[in-house]
Each structure stands twice: as structure tokens, then as C-alpha cells.
Amino acid sequence: MILELKRDNARLQRNIGLHIEKNDMSLRCVIPTIYDGVLYFEDYYAQFLTIAAHHGWDDTIKGIVLHSHLEGKALSVAGACNTFVEMVDALSEACGREKGDAAVLKLQSRCQKQGESLEEFSIDIVGLVCCAYSSADAHTLSKITIDAFINSIDDPTVRYLCDYIQNLHDRLEDAYRIVWENLQVATERNNAFVKTHGKPFRKIDLSWVVEKRRKKEECPKLTPKWRGPFLVRRILNDVLVEVQIFARKSCVYHTDLLKHCFSNDLMTYPFG
Numbered sequence: 171m172i173l174e175l176k177r178d179n180a181r182l183q184r185n186i187g188l189h190i191e192k193n194d195m196s197l198r199c200v201i202p203t204i205y206d207g208v209l210y211f212e213d214y215y216a217q218f219l220t221i222a223a224h225h226g227w228d229d230t231i232k233g234i235v236l237h238s239h240l241e242g243k244a245l246s247v248a249g250a251c252n253t254f255v256e257m258v259d260a261l262s263e264a265c266g267r268e269k270g271d272a273a274v275l276k277l278q279s280r281c282q283k284q285g286e287s288l289e290e291f292s293i294d295i296v297g298l299v300c301c302a303y304s305s306a307d308a309h310t311l312s313k314i315t316i317d318a319f320i321n322s323i324d325d326p327t328v329r330y331l332c333d334y335i336q337n338l339h340d341r342l343e344d345a346y347r348i349v350w351e352n353l354q355v356a357t358e359r360n361n362a363f364v365k366t367h368g369k370p371f372r373k374i375d376l377s378w379v380v381e382k383r384r385k386k387e388e389c390p391k392l393t394p395k396w397r398g399p400f401l402v403r404r405i406l407n408d409v410l411v412e413v414q415i416f417a418r419k420s421c422v423y424h425t426d427l428l429k430h431c432f433s434n435d436l437m438t439y440p441f442g
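Take 171 as the starting number for the sequence shown in the working numbering and just add one per residue.
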């Protein structure tokens, strides 16, 4: 009985060893992701330590791997550090959660100081906004920076001018957006017209002719804009087409005055 238990235990240990070796082969290629300083460093550091513990890295290898996976703001912060501990301390101070919360509180209470120039004040506001909202996109950061700068200016005249310029900028952006949307609509309408009416006329095609005549005692708005359809008799050139108006009468029209009729049932469209 004891021998059987020993054999079962040995077999179980071999299976566990094979399973661990197989998983180790699949996890051997796991490497840390790139860190650019946008997210909080505490979240990235927890992931980095998990991968480092799996690979068994010491502090020297951790420092090399961490430095090779930094870019942007994080690389500029930790680029001058020599050891892994120095890099962690610098990144925690510059990109940590406490730094962001403190920057939010400082930004809310920040006002222009006595004798402080607008240039110095704007530089400080930009730094606080970037630190407080590091995960925001560029457009959001610009909007928050402008609002914080205008609301914190001490001089009411300068604040009014900045507010006026910002409102003007917003209105110009709205006008540009409306014009762009109208251009897009006009382009789509033009493309649809070309696809529908850009087809060249051919002999015996049906076409509508623009109605330019005005009848007496009839409202122009109620007068049909097109008459026909009529039969295309001849193609004189690229822009002139001869159309059969009546049985013994034909007229020459410019293609701008004609429109294709896509019905093939000529009997339902009498001449005249």
C-alpha cells in the first residue's frame, strides 16, 4: 500500500513538473509593455514587478528592462537615473497618483500672484494641468488649460479680453465646422448627380427637356419644370443633341437642358 502511494505521488510530481515546464515555455516570452507616463506609475509598476518576479530578474536587469521600455514623458523623467531604485522614485514622484491629486488641488486654488507676469503664470498653469490630467488627450488638455488660465487671472480687463478671444475662437471653429459639413453635403450631392446624370446621351434614348415657357394666368411655381420625355434623334457633338419634339418637328438642345429618362416604356410618355 505504501509503495503504491509512493508511485502515485511520484507520477503526480512528474505531471506537475511537465505542466509547469510547459507553462514556463509559454510565459517565457512575456515582457513589460511600453510606459510613456500617461497612466499612473503605480499601476504599471505592479505589472512590471509581476513579470520581473516570473523571470527572476535582479535590480540590475530590472533597471535595464525598465529603462528600455520607457518613452515620452517617462523617459525624460528617468533618463538621468543610474539605478533601478532611483528610476522608481523619480517616476513615482513625477507620474504617481498622489502627484496628480495634489496637482488637481493646487490647480483649483491657483491664482495670479501680485507682480507675476502672464507668461510665468501660464507656464505654471500648463505644468499643473499636464500633471493633474496626464491621461487626457491633447484637445481636452488645451481646453482645461485655457479655462483655468482665464478663471485665475487677477486683472478683470485681461480676463475679459481672454474670454472674448476664446469665445471668438469657439465661434470660428463652429463656423468652420458648419462650412465643412456643407461642403461635404454639396460634394455628395454633386457626386450623386454626376453618377445619375453624367451618362452621355445616345440615339433613341428618352430625355426630359427643361420647360422655359411661361403660360399666362398661371403661377410659375405650379408650372412643371420639365416636359417630355422625348426621343433623342441625333447626337450632333458632345454638348448638342437633336430631340424629336413632335412627329414632324425636332429641336437642338444643350445637354445642360436635358435630363435622362430611365423608363423604357415609350408608350406611357406621349410626345408634346
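Think of the CB as a built atom: it goes at the ideal place given N, C-alpha and C, for glycine as much as any other residue.
Residue state for Tyr-346 is assigned as helix, using DSSP reduced to three classes. Assignment of beta-bridge partners to Leu-240 by DSSP yields Tyr-205. Closest by C-alpha distance to Ile-320, out of Glu-351, Asn-337, Ala-308, Asp-307, is Asn-337. The way I'd put it, the region 415-435 does touch the region 368-379; three or more beta-carbon pairs between them come closer than 8 Å. Sequence-distant partners of Thr-230 (beyond 5 residues in either direction) whose C-beta falls short of 7 Å from its own C-beta are missing from its chain. When secondary structure is reduced to three states using DSSP, Phe-416 falls in the strand class. Taking all protein chains shown into account, Ile-348 has fewer than 16 neighbouring C-beta atoms within 10 Å of its C-beta and is therefore exposed.
Burial of Val-402 is indicated by the presence of at least 16 other C-beta atoms within 10 angstroms of its C-beta. The region 229-244 makes contact with the region 205-212, as at least three CB pairs between them are under 8 Å. If the five residues before and after Leu-311 are omitted, its C-beta is found closer than 8 Å to the C-beta atoms of Val-299, Cys-300, Tyr-303, all from its own chain and listed in chain order.
Gly-233 and Ile-314 have their C-alpha atoms roughly 35 Å apart. Looking at the DSSP output, Leu-338 bridges to nothing. Arg-403 is bridged by DSSP to nothing; it lacks a bridge partner.
Listed in chain order, the non-local C-beta contacts of Cys-332 below 6 Å within the same chain comprise Ile-320, local neighbours out to five positions each way being set aside. For the pair Arg-359 and Leu-353, the Cα-to-Cα distance works out to about 10 Å.
Put simply, of Val-255, Val-200, Tyr-334 the residue whose alpha carbon is nearest the alpha carbon of Gly-226 is Val-200. Counting only runs that start and end inside the region 249-280, there is no beta strand (DSSP E) element of at least 3 residues.
In the structure shown, the three-state DSSP call for Cys-421 is strand. Within a 10 Å sphere around the beta-carbon of Val-422 sit fewer than 16 other beta-carbons, which makes this residue exposed. Here Gly-226 carries a coil assignment [DSSP, helix/strand/coil]. For the pair Ile-295 and Ser-322, the CB atoms are nearer than the 8 Å cut-off. In this structure, Cys-265 and Tyr-210 form a Cβ contact; the two beta carbons are roughly 7 Å apart against a cut-off of 8 Å. Put simply, of Arg-397, Arg-372, Asp-325 the residue whose alpha carbon is nearest the alpha carbon of Leu-410 is Arg-372. In the displayed model, Ser-287 falls within coil according to three-state DSSP, outside both helix and strand.
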